[in-house]
Amino acid sequence: MELLTILNHCYRQQGFIYQHARFGPGKKSIEVAVRPREGSAAVCSGCHHPAPGYDHLPERCFEFIPLWGFLVFLLYRMRRVDCRNCGVVVEQVPWGDGKHQLTRAYMLFLARWARKLSWKETAEAFHTSWDQVCDAVEYVVGWGLEHRTLQSIRAIGVDEIQYAKGHKYLTLVYQIDQGLTRLLWVGKERTIESFQGFFTVLGEQLAAQIEFVCSDMWQPYLDVIRQKCPQALHILDRFHIVANRISPLSRSSDCEIYSATTSRPSVPISSKKIFSTSGNTPRPPGPACSWISGAMKPCDPVSSP
Ligand SMILES: [Zn+2]
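According to my numbering, the sequence shown is numbered sequentially starting from 53.
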């Protein structure tokens, strides 16, 4: 089986053909020449409509997913088009995006591995640079944000994460609907303003559709939830509830929890809150809705642990 056959099978490009493949300098890479299919019009990168050709630019390399230890490059002379709407602009090609040196396929490939490994390890594993991995991740995140829909969010969870040294925090907001869990938003610090930033992006109309909110007992989060989602069922995190209740009995190992929680209310602020301290049933992983309807039951917050 020839390399071009494989490429045509896994990465066919409408309007273009793979012309031939050869080894690159030192036989460390494979170079695949690409050319437009006979009679196929170039597409304007501005308005995405076919447009008459204008001229050709010098040959450009687009890096593809490495194969059998070889770096793989697609070589192509980009056409410029004379678009009626946009003037003379570079054509749009399906395998590349703007000035990115990597093909879309390779950026997606690297970004997926960068979820499993560190960016440095990803770069080492595929003989590329940290910058290229960063570029790939930025591209995929940018694409995701551009195509993100915030409709139909019914359950969210908010939590903070500590990073670097000292008390540096980020506020993370997740969608935790059944069948759809995803990170929605990241904000600096863990203040009222941090969390309010999420609702600014979300808008009042969508915020009014939220039915469940999970959080710990961090007061700024409680304040924002009360203000922005008064209609939602508020579920407090089991760990913090338990820590709050057992804190007077704690010793030095728990003193940080104790000091952090004693200044906060230990009774429900809203009658809509559910406390999860009953029983020893571990919290099942997964979305809030199944958690609510499954092992977790509302209970009296003053019953014995
Ligand atoms: Zn155009």
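Ideal Cβ positions, reconstructed from N, Cα and C, are used throughout, including at glycine.
Exercise. Note down the Cα distance separating Ser81 from Gln153, rounded to an integer number of angstroms.
Key: The residue labelled residue 81 in the question sits at position 29 within the sequence shown. The residue labelled residue 153 in the question sits at position 101 within the sequence shown. Taking the straight line joining both Cα atoms gives about 16 Å.
Quiz prompt | beta strand (DSSP E) segments (min. 3 residues) lying fully within the region 206-252 | solution = 207-214, 221-229, 232-240
Quiz item: Looking only at C-alpha atoms, which of Leu288, Glu256, Glu90, Ile205 sits nearest to Phe68?
Solution: As a working mapping, residue 68 is identified with position 16 in the sequence shown. Of Leu288, Glu256, Glu90, Ile205, the residue nearest in Cα terms is Glu90.
Quiz item: So, Leu127 versus Glu83, is the Cβ gap smaller than 8 Å?
Solution: Indexing the sequence shown from 1 puts residue 127 at position 75. Indexing the sequence shown from 1 puts residue 83 at position 31. Yes.
Quiz item: If you check the beta carbons only, do Trp147 and Thr155 fall under 8 Å apart?
Solution: Taking the sequence shown and counting its residues from 1, the one referred to as residue 147 is at position 95. Taking the sequence shown and counting its residues from 1, the one referred to as residue 155 is at position 103. Yes, these two residues count as a Cβ contact at 8 Å.
Self-check item: Beta-carbon proximity check, Leu254 vs Leu202, cutoff 8 Å
Solution: As a first step, residue 254 is located in the sequence shown; it is residue number 202 there, counting from the start. As a first step, residue 202 is located in the sequence shown; it is residue number 150 there, counting from the start. In contact: Leu254 and Leu202 (Cβ atoms closer than 8 Å).
Quiz prompt | Classification of Leu235 by the beta-carbon crowding that lies within 10 angstroms, buried from 16 upward | solution = As a first step, residue 235 must be located in the sequence shown, where it is residue number 183. Leu235 comes out exposed.
Quiz item: Do you know offhand how far Val86's Cα is from Met130's?
Solution: Position 34 of the sequence shown, counted from the start, is the residue given in the question as residue 86. Position 78 of the sequence shown, counted from the start, is the residue given in the question as residue 130. One C-alpha to the other measures close to 10 Å.
Exercise. Determine the closest residue to Leu232 out of Ile208, Thr252, Glu212, Ile244, with distance taken between C-alpha atoms.
Key: Numbered from its first residue, the sequence shown carries residue 232 at position 180. Answer by Cα proximity: Ile208.
Quiz item: Just to check, is the beta-carbon of Cys281 closer than 7 Å to a non-hydrogen atom of ligand 1?
Solution: What you label residue 281 is simply residue 229 of the sequence shown in a count that begins at 1. Outside the cutoff, so no.
Quiz item: At what residue ranges does the region 155-185 contain a whole run of the alpha helix (DSSP H), taking only runs of 4 or more?
Solution: 156-168, 171-177
Self-check item: Same chain, Cβ closer than 7 Å to Ile244, five either side skipped, listed in chain order
Solution: To locate residue 244, count along the sequence shown from 1; it is residue 192. Closer than 7 Å at the Cβ level, and outside the excluded window around Ile244, lie Pro272, Asp275, Val276.
Quiz item: Taking C-beta to C-beta, are Gln144 and Ser97 nearer than 8 Å?
Solution: On the sequence shown, position 92 is the one that residue 144 refers to. On the sequence shown, position 45 is the one that residue 97 refers to. Yes, the Cβ-Cβ distance between Gln144 and Ser97 is below 8 Å.
Practice problem: Leaving aside the five residues before and after Leu160 along the sequence, list all residues of the same chain whose C-beta is less than 8 Å from its C-beta, in chain order. | Solution: Against the sequence shown, residue 160 aligns to sequence position 108. Excluding sequence neighbours, Leu160 sits near Ala188, Val192.
Practice problem: Could you pull out every residue in the same chain whose Cβ sits closer than 7 Å to the Cβ of Ser246, ignoring the five residues on either side in sequence? | Solution: Sequence index remark: in the sequence shown, residue 246 carries index 194 (1-based). Excluding residues within five positions, the ones whose Cβ falls inside 7 Å are Thr223, Gly239, Lys240.
Exercise. Please list, in chain order, all residues of the same chain as Ser355 whose beta carbon is under 6 Å from its beta carbon, the five residues on each side excluded.
Key: Residue mapping note: residue 355 aligns to position 303 of the sequence shown, counting from 1. The pLDDT assigned to Ser355 is 33, lower than 50, so where the model puts this residue is not dependable, and the model offers no usable value.
Self-check item: Cys113 versus Ala73: straight-line alpha-carbon distance, rounded
Solution: Counted from its first residue, the sequence shown places residue 113 at position 61. Counted from its first residue, the sequence shown places residue 73 at position 21. The alpha-carbon atoms of Cys113 and Ala73 are separated by roughly 13 Å.
Quiz item: At a cut-off of 7 Å, is Asn137 close to ligand 1 when judged by its beta-carbon and the heavy atoms of the ligand?
Solution: For the purposes of this step, residue 137 is identified with residue 85 of the sequence shown, where counting begins at 1. At least one heavy atom of ligand 1 is nearer than 7 Å to the Cβ of Asn137, so yes.
Practice problem: Within 10 angstroms of the Cβ of Thr174, are there 16 or more other Cβ atoms? Answer buried if so, exposed if not. | Solution: Indexing the sequence shown from 1 puts residue 174 at position 122. With 16 or more other Cβ atoms within 10 Å, it is buried.
Quiz item: In or out: Trp171 buried (at least 16 other Cβ within 10 Å) or exposed?
Solution: Along the sequence shown, one-based indexing puts residue 171 at 119. Per the 10 Å Cβ criterion, buried.
Practice problem: Could you tell me the distance, in whole angstroms, from the CA atom of Tyr215 to the CA atom of Arg242? | Solution: Counting from one through the sequence shown, the residue named residue 215 turns up at place 163. Counting from one through the sequence shown, the residue named residue 242 turns up at place 190. Approximately 12 Å, taken between the alpha carbons.
Quiz item: If you measure from the CB of Ala103, is any heavy atom of ligand 1 nearer than 7 Å?
Solution: Taking the sequence shown and counting its residues from 1, the one referred to as residue 103 is at position 51. Flag set: Cβ of Ala103 near ligand 1.
Practice problem: Run the CB neighbour count on Leu119, radius 10 Å, all protein chains shown included, and call it buried at 16 or more, exposed below. | Solution: One-based indexing of the sequence shown puts residue 119 at position 67. With fewer than 16 other Cβ atoms within 10 Å, it is exposed.
Practice problem: Taking Tyr106 as part of the beta strand (DSSP E), name the residues at either end of that continuous run. | Solution: As a working mapping, residue 106 is identified with position 54 in the sequence shown. Here the beta strand (DSSP E) through Tyr106 covers 105-119.
Practice problem: For Ala85, decide whether its Cβ has a neighbour in chain B, counting only Cβ atoms nearer than 8 Å. | Solution: The chain labelled as chain B is not found in the depicted structure, where only one protein chain is given.
Practice problem: Could you tell me if the beta carbon of Gly98 falls within a distance shorter than 7 Å of some heavy atom in ligand 1? | Solution: Translated into positions along the sequence shown, residue 98 becomes position 46. Gly98: yes, Cβ under 7 Å from ligand 1.
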